[in-house]
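One structure below.
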Amino acid sequence: MTDKKEYKNNFDLQGQCPNCGSDGIEYGETELEGEDICYRFSCPVCGATGGEWYFLEFSEITVDGEEEPVDLADLEEDYKKLLKI
477 MTDKKEYKNN FDLQGQCPNC GSDGIEYGET ELEGEDICYR FSCPVCGATG
527 GEWYFLEFSE ITVDGEEEPV DLADLEEDYK KLLKI
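Going by the numbering used here, the sequence shown opens with residue 477, and the numbers climb by one from there.
Encoded structure:
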């Protein structure tokens with residue numbers, strides 16, 4: 477029988493290997509599941525693999541090239557000017 481370590485909800489180990497504690501984990505592919513995202517990792521020190529899970533929450537929507545979120549009132553005004561209403 478092999479002793480297999482299982483780690484669940486080790487939130488304070490973000491960016492560290494839960495097996496050996498190394499902070500040199502390497503990230504690979506990401507997986508999106510509903511509102512969660514998983515960053516797959518491997519540890520070059522001990523060979524452990526796993527995933528860091530994060531909950532996604534909407535923050536804002538932006539337009540490429542814009543530093544500030546778009547003001548809908550300004551867009552409506554610009555649209556009216558274009559249509560000369």
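Where is the CB? At the ideal position from N, CA and C, for every residue including glycine.
All values derive from a computational prediction rather than experimental measurement.
If I follow the unbroken beta strand (DSSP E) through D550, where does it start and stop? From DSSP, D550 is part of no beta strand (DSSP E) but of the alpha helix (DSSP H) over L548 to L559.
Among the candidates L532, L558 and E507, whose CA atom is the shortest distance from the CA of G526? E507
To the nearest angstrom, how far is the alpha carbon of L558 from that of T538? 22 Å
For the candidate residues S535, E509, E511 and S518, whose alpha-carbon lies nearest to that of G491? S518
CA-to-CA distance, G541 to D550, given in whole angstroms: 16 Å
By how many angstroms is the C-alpha of S535 removed from the C-alpha of G497? One alpha carbon belongs to G497, the other to S535, and they sit about 32 Å apart.
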